[in-house]
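Below is one structure, written out as structure tokens, with a few remarks after it.
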Amino acid sequence: MKTHTVIALAVAGMISPLMAEPAPVQAKIDIAFVNVDSKWFADLETTAKPLLQRKNGKVAVPSVTATNGQTAAMEVIREYRTRSSPAKGPVVPCGIMINLTPELHGQGIRLFGTCVLRRMTNKSVNDVVTRFAAQEALVDLQFQDGESKSFEMEDGGKILLTATLIDATGTPIKK
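Quick note on the working numbering: the sequence shown kicks off at 25 and runs consecutively.
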């Protein structure tokens, strides 16, 4: 009797993975800032700056991935106090804040969300910040798999987005 049970469990264990749902297709989103004034990245901590890859007037941030309808959030920031009490005062994130949601349709990808650059514009004697400047881009773009698109920021720089369909291992699916 024990032999039959073991065989049944072994067979069930082999069939279950075959019947399992395939891993969902994901969107890999590459983000770069082209010819954006370096003042927008000046507030970042020294430890955060290595996350930014700089080359030929382009600043790239780490890629993010998300499944269909899942928001991919990425921040490379430094938080600033806005009051003199460090334990109680609110903080404002300065740097790069990105929230993008992919909708996957066959070989097409719709990306929507926001890309925000924020920096402080003053600092008081006791290191409290009271003024900030920000650029926020509202994104709603259609991509073909592997396609790149750029759009202008208000100060003349551009945000470059590339959307690629990948499998669960991170391998591009492009056919």
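Glycine included, each C-beta is placed from N, C-alpha and C at the ideal position.
Work out the CA separation of residue j and residue i for me, nearest whole Å.
i: alanine 187; j: valine 58; result: 17 Å
i: proline 114; j: glutamine 131; result: 43 Å
i: threonine 71; j: proline 117; result: 15 Å
i: threonine 91; j: histidine 129; result: 12 Å
i: isoleucine 183; j: proline 74; result: 19 Å
i: lysine 63; j: glutamate 171; result: 29 Å
i: glycine 194; j: phenylalanine 65; result: 29 Å
Does the beta-carbon of residue i have 16 or more other beta-carbons within 10 angstroms, so that it is buried, or is it exposed?
i: lysine 79; result: exposed
i: glycine 180; result: exposed
i: leucine 162; result: exposed
i: aspartate 164; result: exposed
i: alanine 157; result: exposed
i: alanine 192; result: exposed
Output needed for residue i: all residues of its chain with C-beta closer than 6 Å, excluding positions within five of it in sequence on either side, in chain order.
i: lysine 82; result: Ala56 and Val58
i: leucine 189; result: Val49, Asp169 and Ile197
i: glutamine 159; result: Leu141, Met177 and Glu178
i: glutamate 127; result: Arg134
Give every residue of the same chain whose Cβ lies closer than 7 Å to the Cβ of residue i, excluding the five residues on either side of it in the sequence, and list them in chain order.
i: methionine 98; result: Val85, Pro86, Val88 and Ile122
i: lysine 173; result: Leu165, Phe167 and Leu185
Do residue j and residue i have their beta-carbon atoms positioned less than 8 Å apart in this structure?
i: isoleucine 53; j: alanine 96; result: yes
i: tyrosine 104; j: valine 153; result: yes
i: phenylalanine 175; j: leucine 135; result: no
i: glycine 119; j: arginine 142; result: yes
i: threonine 138; j: glycine 93; result: no
i: aspartate 67; j: methionine 144; result: yes
i: leucine 76; j: valine 60; result: no
Who are the near neighbours of residue i in its chain, counting only those whose CB is closer than 8 Å to its CB and skipping five residues on each side?
i: arginine 102; result: Asp67, Leu68, Glu69, Ala72, Pro117, Cys118 and Gly119
i: asparagine 146; result: Val153, Thr154 and Arg155
i: threonine 106; result: Gly113, Pro114, Val115, Val116, Val152, Val153 and Thr154
Item to check | Runs of beta strand (DSSP E) lying entirely within the stretch 59-114, each at least 3 residues, in chain order | outcome: As summarised for the stretch 59-114, the continuous beta strand (DSSP E) elements at least 3 residues long and confined to that stretch are 77-79, 82-91 and 96-105, given in chain order.
Checklist entry - Which ranges does the beta strand (DSSP E) cover as unbroken runs of at least 3 residues, wholly within the stretch 161-185, from first to last along the chain? => result 171-176
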